[in-house]
Each structure stands twice: as C-alpha cells, then as structure tokens.
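Encoded as structure tokens, the structure appears first; notes follow it.
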C-alpha cells in the first residue's frame, strides 16, 4: 500500500539545519505501514534533505564543509540565489529510509532539512511510504 | 499497486550536456494513471547522472561550471565516470494527485559526462490508481 502525506516547515537559511525527525516518526506511525520504504522529499529547488546525528559538532562540521565547498561568494551567472540551488542540487533533495518491523531505520541519526535560502519560508516536505501493514 | 517502467533514449552533445527530462516524467505518470506513489528516474549509462535543478539558463551554466571544477583534478579519461558517481544515477520523486511533487521551480535533468550520442534513461512509476 501507499501512504502520502506532506507538511510544511517554517525555515530560514542560508545553511541552517531543521530537524524533521519527530514529524517523520508521527507520519510513519499514522500510515500503519510496518515494512517498506519511506521517501522524504524537500519540494522545490533550494532545499536539501540529509541524515546525520543530532550532535552539535557534527552539525557544525557539516555546515562548515558546505560553506567551504559550495561557497556563497563566487562567480555565478544566475541572479540572487545560485548558491542555494547548487547546494540543493549537489547535496540532494531527498532520502529513502527502510521501514522494518514498524520502525524507520535511523539508528542514531536524525533527518534534517538544510535550508539554503536566506529568507523565512514555509518549506513543503513530501513523504511517500510504500509497503505492507 | 501498479508499476509502469519505460526506457528512453536521450540524444546528448557530450561532456556536461544537461538535458531537461521533466516532460518525460510528467508523460509517464500520466500514462500510468497512478495518483499516489513515486517515480524513479535512473540513468542507465556509466557516464550519465540525474539531478534536480531549476531550468534557468544561467543557473544551468553555473551548474555545468561547478561540475567541471569539481573533477578538474581527475585525469581526463576517468573524469566522466567520477563525476557521474559523485552526482548520482537516480532520482526518486513523490507523486501525489497524479503529478510529481517538484514544486514550481525544480526540474529533472540528465547530465551527460561522456561522449555525444544516445543515452539510456529508465523511468519507473510505482503507486496506486484512483479508486473508482
């Protein structure tokens, strides 16, 4: 069976992480699917979905890496927010996580939205759960 | 649960040619009549990748430059396959109410990192049709 749900996150960047894990766990529980796959997708072309431990050092290290390797300052032709698009394209807008015995396999990880745009926005997150009860 | 799989041959100009596949994604979802589920876009070549990107001409140039710089230190004969590995060969998109959840700006692109020619892309929609 297929379960589809979307929710919005109030987010602002650039390069800020927002923890989506609680909302994802709630969605998985309400789907009543126990075995399958969970697709978590940031709708739009400037968000990023990633998993990592909820750990200040790791999160800060990741942000530092992103800023250094996809830098805000540079020669870009696209007006305004080229770097937000590049971070989104190269880091990816989705993740697929297995669902086993009713539990999403995150181990010690959380799932984050990395918001790449510098303004407040209501970012839609689309979730598709595909599996069996 | 329904599944529809299709292979497309996409003509490319070679090294860092970016080709918008969004129309093909919309077409296969429509043909499948699937309302809720997901569509997988998969590059079936060693030197191609699939990315999400806004189809704005200047941004497409910025992206091509970024990819070129990313692998400039790799020797030329390996560069294409390395870039394809870094970018990734698949893209899975939610489908709701018979449309891909791409938002206003996101499109799906094939990135060719090899020589010009016909490249294979596989589209697979999985989901449920509307209950009658």
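Residue numbers (our numbering), protein chains in the order written: chain V, -9 to 123; chain F, 8 to 139. Glycine included, each C-beta is placed from N, C-alpha and C at the ideal position. Predicted model only: the values in this text are computed from it and were never measured.
F/44 is the residue among F/16, F/44, F/72 whose C-alpha sits nearest the C-alpha of residue 99 of chain F.
Flagged as an interface residue toward chain F: residue 76 of chain V, by a C-beta distance shorter than 8 Å. Rounded to whole angstroms, the Cβ separation of residue 30 of chain V and residue 14 of chain V is 6 Å, and the two are in contact under 8 Å. For residue 80 of chain V, the enclosing alpha helix (DSSP H) stretches over residues 72 to 81. About 23 Å separates the CB atoms of residue 17 of chain V and residue 106 of chain V; that is not less than 8 Å, and the two are not in contact. Within the model, the alpha-carbon separation for residue -7 of chain V versus residue 79 of chain F is close to 43 Å.
Every alpha helix (DSSP H) of 4 residues or more that sits fully in the stretch 45 to 120 of chain F is shown, in chain order, as 64 to 77, 83 to 94. At a cut-off of 4 residues, the continuous stretches assigned as alpha helix (DSSP H) that sit fully inside the stretch 32 to 114 of chain V are 46 to 59, 72 to 81. For residue 131 of chain F, no Cβ of chain V is located within less than 8 Å of the residue's own Cβ. When 7 Å is used as the limit between beta carbons, residue 81 of chain V is near no residue of chain F, the shortest such separation being about 11 Å. Restricting attention to F/105, F/108, F/130, F/106, the CA atom closest to the CA of residue 117 of chain F is found in F/130. Here the stretch 27 to 40 of chain F does not lie against the stretch 73 to 89 of chain F, with fewer than 3 beta-carbon pairs under 8 Å apart. Taking residue 81 of chain V as the centre and dropping the five residues before and after it, the same chain places the C-beta of 38 closer than 6 Å to its C-beta, in chain order. Setting aside the 5 residues that flank it on each side, residue 89 of chain V is surrounded in the same chain by 18, 23, 24, 25, 26, 27, 28, 95, 119, 121, each with a C-beta closer than 8 Å to its C-beta; the list follows chain order. Under DSSP, the beta-bridge partners assigned to residue 29 of chain V are V/86, V/118.
A distance below 7 Å between beta-carbons, with the five flanking residues on each side excluded, links residue 13 of chain F to the following residues of its chain, in chain order: 35, 130. Residue 99 of chain V and residue 113 of chain F have their alpha carbons spaced roughly 27 Å apart.
Chain order gives the chain F residues near residue 120 of chain V as 8, 44, 45, 133, 134, where near means a beta carbon separation below 9 Å. Rounded to whole angstroms, residue 44 of chain V and residue 6 of chain V show a C-alpha spacing of 13 Å. Boundaries of the beta strand (DSSP E) harbouring residue -4 of chain V: -8 to 1, taken from the DSSP string.
Judged by pairs of C-beta atoms under 8 Å, the stretch 120 to 134 of chain F touches the stretch 50 to 62 of chain F, as three or more such pairs exist. The beta carbon of residue 8 of chain V sits closer than 7 Å to the beta carbons of -1, 1, 102, 103, 105 from its chain, once the five residues preceding and following it are set aside; these are given in chain order.
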